[in-house]
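Here numbering that gives the first Met the number 0 is used: position 186 in the sequence shown is 185, and no number is missing along the way.
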Amino acid sequence: MITTIEKNVFEGEGLARFEGQTVFIKGVIEGEVVEFSIIKKYKNYTKAKLEKIITKSPHRITPKCPLSNCCGGCDFGFIDYDYQAKIKENIIKEIFQNFENVNFLPFIKSPLVYNYRAKTQYPATDTKNSKRVILGYYKEKTHDIINIKYCPIQPEIVDKIIEFIRNNWIFGCYHEKEHKGLLRHVNIRISTTNNDILLTLVLNSKTKPDIKNFTSRIISEFPQIKGVFVNLNPDKTNKITGDKTYLIQGVDYIIQNLGKFRYKLGGNSFFQVNPHCAELLFENAKKLIKNKGNLLDLYGGSGVIGIFMSDSVDKICLVEENEESIALAKENYKLNNIDNFEIINSKAKECIQKFEKEKIMFENIIIDPPRKGADEETLSGISKLTKNIIYISCNPMTLRRDSLFLIQKGFKLKSVQGADMFPNTHHIECIAHFEAGENA
Ligand SMILES: C[S@@+](CC[C@H](N)C(=O)[O-])C[C@H]1O[C@@H](n2cnc3c(N)ncnc32)[C@H](O)[C@@H]1O
């Protein structure tokens with residue numbers, strides 16, 4: 000069967016038509032003529048597999064990653080970068096095409112296309128007989144780990160540290176099915192400001208094992224590693240980290256600069272994975288702040304966004320549920336000599352309901368929820384607390400859903416701007432700006 004790819008859509012797949020059916024095919028570029036086979040027919044669409052490219056797009060390139068076919072992480076790595084950005088910009092326009100009078104602001108490209116990823120989390124296992132350590136991402140839609148020796152989107156030193164662990168870890172690795180073996184995950188966080196690194200070894204253990212010999216050797220081999228943690232995760236769970244983390248050697252934070260601001264990064268707290276692009280994203284979000292006044296930084300993490308906006312507002316209130324992030328946020332405010340702030344450790348919904356009762360209003364609210372977006376109670380609450388909402392989202396579909404809800408509550412979607420926080424993947428970050436009132 001042969002078809003022409005009409006366009007790339009949300010989650011990167013190509014959309015085509017064939018005999019009246021909508022067909023989705025991975026690994027293709029709009030305009031390409033391809034031969035395909037059917038994977039599965041659903042009621043309204045068909046999932047298909049690319050068999051052969053008949054007419055190749057001029058934007059098709061050879062991926063830098065030798066494992067691109069089995070890893071699946073960089074599912075846009077075969078498209079030249081300018082065209083990746085164009086596809087993402089068009090996807091955003093399409094998702095928001097039915098919203099009235101929305102201004103699509105210029106797409107923000109990432110300053111780095113490769114080596115940008117400041118956080119790596121590799122699951123670990125080892126071979127049954129020879130006990131060779133395997134570290135890498137899961138093969139798409141499986142729990143089989145691909146042994147990744149080179150990943151072009153992360154800094155090269157990360158590959159080297161992983162290789163050192165592969166060759167020197169002698170305490171055994173985890174086997175998910177049997178729930179046995181020690182090393183479950185290796186998490187590496189790197190500051191793009193000074194290349195300092197924090198390493199976390201996630202272990203299937205209830206007690207802290209003695210691995211000081213290993214940690215001393217890895218630090219002496221890589222002096223950029225400023226701290227090594229052990230996280231204990233003895234449960235049979237898909238969660239990467241458990242509740243207990245111990246610093247084994249070195250310091251418990253490193254510093255990342257964004258613009259003129261400085262941030263402490265912890266081993267496992269949230270921080271944008273592409274700091275180069277995050278800075279551009281936040282600069283653009285800052286342009287949407289109105290009338291100085293109070294800013295609510297909802298889903299505020301370790302305070303990154305609020306602090307970045309601190310020279311454009313009078314006072315900041317951060318709300319965040321994660322305790323480790325809250326502790327870092329306090330330190331980040333101190334580090335940047337900002338006094339006029341309040342930090343609230345709470346779930347967004349509960350805190351917003353309290354603000355509603357107490358009639359606490361904000362000139363500006365920035366929300367930056369996880370991929371699933373915000374719940375209706377939270378959105379309904381914030382719609383009563385401000386006239387200016389800046390929504391930062393890593394999932395344009397949940398942003399669309401939440402935008403429709405805010406519009407029902409009397410807001411207008413003024414602008415949407417895409418940003419490429421995740422080059423070579425289909426993922427898209429967005430800033431959406433909402434205003435309430437007659438003159439919005
Ligand atoms: C996408 S991150 C954004 C963090 C921060 N704005 C930043 O840029 O570093 C989402 C944050 O929301 C927090 N979070 C998730 N659900 C929450 C909830 N219901 N209430 C409060 N915070 C929540 C997470 O712990 C995480 O720190």
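In this text, a Cβ means the ideal position worked out from N, Cα and C, and glycines have one as well.
Tell me which residues share the same chain as residue i and place their Cβ nearer than 7 Å to its Cβ, disregarding the 5 neighbours each side in the sequence.
i, result
"residue 135", "121, 144, 145, 146 and 147"
"residue 298", "319, 347, 366, 367 and 368"
"residue 329", "342"
"residue 158", "148, 149 and 150"
"residue 55", "31"
"residue 324", "268, 269, 300 and 301"
"residue 436", "386"
"residue 72", "136 and 424"
"residue 142", "175"
Would you decide whether residue i is buried or exposed? Buried here means 16 or more other CB atoms lie within 10 Å of its CB.
i, result
"residue 444", "This structure cannot settle anything about residue 444, because the visible part of the chain is limited to 0 through 439."
"residue 191", "buried"
"residue 296", "buried"
"residue 131", "exposed"
"residue 113", "buried"
"residue 115", "buried"
"residue 386", "buried"
"residue 96", "exposed"
"residue 420", "buried"
"residue 69", "exposed"
"residue 83", "buried"
"residue 166", "exposed"
"residue 153", "buried"
"residue 38", "exposed"
"residue 206", "exposed"
"residue 229", "buried"
Is the distance from the Cβ of residue i to the Cβ of residue j below 8 Å?
i, j, result
"residue 378", "residue 360", "no"
"residue 279", "residue 107", "yes"
"residue 413", "residue 434", "yes"
"residue 432", "residue 381", "no"
"residue 202", "residue 183", "yes"
"residue 245", "residue 264", "no"
"residue 415", "residue 101", "yes"
"residue 25", "residue 272", "no"
"residue 50", "residue 36", "yes"
"residue 243", "residue 231", "yes"
"residue 362", "residue 305", "no"
"residue 1", "residue 60", "no"
"residue 239", "residue 227", "no"
"residue 331", "residue 301", "yes"
"residue 58", "residue 124", "no"
"residue 442", "residue 225", "Past the boundaries of the shown model lies residue 442; the chain is included only from 0 to 439, so the question cannot be answered."
"residue 74", "residue 425", "yes"
"residue 430", "residue 284", "yes"
"residue 336", "residue 254", "no"
So the beta strand (DSSP E) residue i belongs to, where does it begin and stop?
i, result
"residue 95", "Unbroken run through residue 95: none, as it is neither H nor E."
"residue 390", "387–392"
"residue 417", "410–418"
"residue 1", "1–7"
"residue 428", "428–435"
"residue 307", "Per DSSP, residue 307 belongs to no beta strand (DSSP E); it is in the alpha helix (DSSP H), 303–307."
"residue 219", "Taken as a continuous stretch (DSSP letters only), residue 219 belongs to no beta strand (DSSP E), being part of the alpha helix (DSSP H) at 211–220."
"residue 46", "44–54"
"residue 110", "It is not in any beta strand (DSSP E) - residue 110 carries neither H nor E in the DSSP assignment."
"residue 159", "Premise fails: residue 159 lies in the alpha helix (DSSP H), 155–167, not in any beta strand (DSSP E)."
"residue 36", "32–40"
"residue 445", "Any question about residue 445 goes unanswered here, given that the chain covers just 0 to 439."
Identify the continuous alpha helix (DSSP H) that holds residue i and give its terminal residues.
i, result
"residue 127", "Run containing residue 127: none; DSSP gives neither H nor E here."
"residue 276", "274–285"
"residue 380", "375–384"
"residue 188", "From DSSP, residue 188 is part of no alpha helix (DSSP H) but of the beta strand (DSSP E) over 182–189."
"residue 327", "322–334"
"residue 117", "Careful: residue 117 lies outside any alpha helix (DSSP H) and carries neither H nor E."
"residue 455", "What is shown of the chain runs 0 to 439, which leaves residue 455 out entirely."
"residue 348", "347–357"
To which residues of the same chain is residue i closer than 8 Å at the C-beta, ignoring the five residues directly before and after it?
i, result
"residue 372", "392, 394, 397, 398, 400 and 401"
"residue 126", "133"
"residue 352", "376 and 380"
"residue 281", "257, 258, 303, 304, 307 and 308"
"residue 44", "20, 21, 22 and 23"
"residue 156", "189, 194, 196, 221 and 223"
Report all residues from its chain with a CB closer than 6 Å to the CB of residue i; omit the five preceding and five following residues, and keep chain order.
i, result
"residue 62", "76 and 77"
"residue 339", "314"
"residue 86", "7"
"residue 286", "none"
"residue 98", "412"
Does any residue of chain C have a CB that is nearer than 8 Å to the CB of residue i?
i, result
"residue 317", "Within the model displayed, chain C is absent; a lone protein chain is all it includes."
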